[in-house]
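*Asks:* Before anything else, here's the structure in question.
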Amino acid sequence: MYFSKEDGIEETKHVFLEGNQIPSRWKLENQEVYRIGELGFGTGLNFFVSLELWMNLSNPPCVEFFTLEKFPLERTILLEMKESFPDLKTWEDELLQAYTLFLADPLDAVEGNRKLEWKVQHPMNQNTFTLHLFLGDVLDVLPKFQPPIDCYFLDGFAPKKNPEMWSEAVVLQLKAHAKSGTSFATFTAAGFVKRNLESAGFTVRKVSGFGKKREMLVGFLA
Ligand SMILES: C[S@@+](CC[C@H](N)C(=O)[O-])C[C@H]1O[C@@H](n2cnc3c(N)ncnc32)[C@H](O)[C@@H]1O
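Under full-length UniProt numbering, residues 1 to 222 are what the sequence shown spells out, in order.
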């Protein structure tokens, strides 16, 4: 399942935004550009919820949102998602058209050489929020994220079913694009994910998960 109609927005806020302390960092930190790295774009829900938070702040930093996807969703699913969240601005016509054109283009021989770039202007200042969506397998396209990433949204499918999104090799790539203090948040508390993050040098904490999920992981690179 790609999104939960009932509480998908609240889950994104709890796990990824609060898990990375984004609301307070965007209000209090004096950083010009803030880079988010997401593993698993899916329907784009995390992107849209982050964008909404950003639009509602009076003076947030510029945001570069890097994300990747191996199995892009069809337009019909994105339209369903749009209908499921009528109060959130999601797949407006212009973006949907850009995404459809992007997917229709023949892929480059080398995976990840194409990306969809989409820029939104803040209503109250000159700052922008830019989506950079790469297509391809996580290990091929994660190296294309522009460092240093300030925070990660680790949002592959459940680690047991989708272990390649949580492997040691992936975590080493996360580290390679991070800096001291880079944070991460994820819905899972799986033991091997925690161990991989710790052995790469991340300090990891278990905190309360969303809804019925007892625990999730957050942390930062020491
Ligand atoms: C839980 S969903 C992501 C939900 C998404 N963040 C959202 O806001 O809608 C996990 C995503 O990871 C993608 N994925 C799974 N394995 C992958 C891989 N090896 N490389 C890249 N993407 C992968 C899936 O296709 C799926 O869209």
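Glycine included, C-beta positions come from ideal geometry on N, C-alpha and C.
Run the proximity test for valine 138: is its beta-carbon closer than 8 Å to any non-hydrogen atom belonging to ligand 1?
*Replies:* As a working note, residue 138 is residue 138 in the sequence shown. At least one heavy atom of ligand 1 is nearer than 8 Å to the Cβ of valine 138, so yes.
*Asks:* From leucine 139 to phenylalanine 85, what does the alpha carbon distance come to, in whole angstroms?
*Replies:* Numbered from its first residue, the sequence shown carries residue 139 at position 139. Numbered from its first residue, the sequence shown carries residue 85 at position 85. Going by the C-alpha atoms only, they are around 31 Å apart.
*Asks:* On the DSSP bridge assignment, give the partners of residue 236 in chain order.
*Replies:* For the chain, the structure presents residues 1 to 222; residue 236 sits outside this window and is missing.
*Asks:* On a Cα-Cα basis, can you pick out the residue from Trp26, Ile77, Val207 and Arg75 that is closest to glutamate 52?
*Replies:* Residue mapping note: residue 52 aligns to position 52 of the sequence shown, counting from 1. When only C-alpha atoms are compared, the closest one is Trp26.
*Asks:* Thinking C-beta only, is phenylalanine 41 closer than 9 Å to leucine 172?
*Replies:* Within the sequence shown, numbered from 1, the residue matching residue 172 stands at position 172. Within the sequence shown, numbered from 1, the residue matching residue 41 stands at position 41. No, these two residues do not count as a Cβ contact at 9 Å.
*Asks:* Could you tell me the alpha carbon to alpha carbon distance between leucine 116 and leucine 154, rounded to whole angstroms?
*Replies:* Residue 116 sits at position 116 when you count from the first residue of the sequence shown. Residue 154 sits at position 154 when you count from the first residue of the sequence shown. Straight-line Cα distance between these residues: approximately 20 Å.
*Asks:* Within the continuous alpha helix (DSSP H) that includes isoleucine 77, where are the two ends?
*Replies:* As a position in the sequence shown, residue 77 is number 77, starting the count at 1. That run of the alpha helix (DSSP H) goes 75-84.
*Asks:* Pair every Cβ in the stretch 210-220 with every Cβ in the stretch 29-41, then say whether three or more of these pairs are closer than 8 Å.
*Replies:* Verdict: no, contact absent.
*Asks:* By alpha-carbon positions, which one of Asp150, Ser167, Thr43 and Arg75 ends up nearest to cysteine 62?
*Replies:* Counting from one through the sequence shown, the residue named residue 62 turns up at place 62. When each option's Cα is compared against that of cysteine 62, the closest is Asp150.
*Asks:* Does the beta-carbon of glycine 209, which I'm using as the reference point, lie nearer than 8 Å to any heavy atom of ligand 1?
*Replies:* If you number the sequence shown from 1, residue 209 lands on position 209. No.
*Asks:* How close, in whole Å, do the beta carbons of phenylalanine 65 and glutamate 38 come, if the pair is a contact with beta carbons under 8 Å?
*Replies:* Position 65 of the sequence shown, counted from the start, is the residue given in the question as residue 65. Position 38 of the sequence shown, counted from the start, is the residue given in the question as residue 38. Sure, about 7 Å apart at Cβ, within 8 Å.
*Asks:* Please state whether the Cβ-Cβ distance between phenylalanine 202 and phenylalanine 187 is less than 9 Å.
*Replies:* Within the sequence shown, the letter at position 202 stands for residue 202. Within the sequence shown, the letter at position 187 stands for residue 187. Their beta carbons are not under 9 Å apart, which means phenylalanine 202 does not touch phenylalanine 187 by this criterion.
*Asks:* Give a yes or no on whether 9 Å exceeds the smallest Cβ distance from phenylalanine 66 to chain B.
*Replies:* Chain labels in this structure do not include chain B; a single protein chain is all it has.
*Asks:* Can you tell me whether DSSP reads lysine 70 as helix, strand or coil?
*Replies:* For the purposes of this step, residue 70 is taken as the residue at position 70 of the sequence shown. In the structure shown, lysine 70 sits in coil (DSSP, three-state: anything other than H, G, I, E or B).
*Asks:* What does DSSP give as the partner residue(s) for arginine 35 in the beta ladder?
*Replies:* Residue numbering aside, residue 35 sits at position 35 when the sequence shown is read from its first letter. Answer is Glu64, bridged to arginine 35.
*Asks:* Among Ala185, Ser183, Lys175 and Lys206, whose alpha-carbon lies nearest the alpha-carbon of serine 199?
*Replies:* As a position in the sequence shown, residue 199 is number 199, starting the count at 1. Residue Lys175 is the option with its Cα nearest to serine 199.
*Asks:* Verify the contact flag: glutamate 69, CB atom, against every heavy atom of ligand 1, threshold strictly below 8 Å.
*Replies:* As a working note, residue 69 is residue 69 in the sequence shown. Glutamate 69 Cβ: within cutoff of ligand 1.
*Asks:* Among the candidates Lys70, Pro60 and Thr100, whose CA atom is the shortest distance from the CA of leucine 78?
*Replies:* Your numbering for residue 78 matches position 78 in the sequence shown. Of the candidates Lys70, Pro60 and Thr100, the one whose C-alpha sits nearest the C-alpha of leucine 78 is Thr100.
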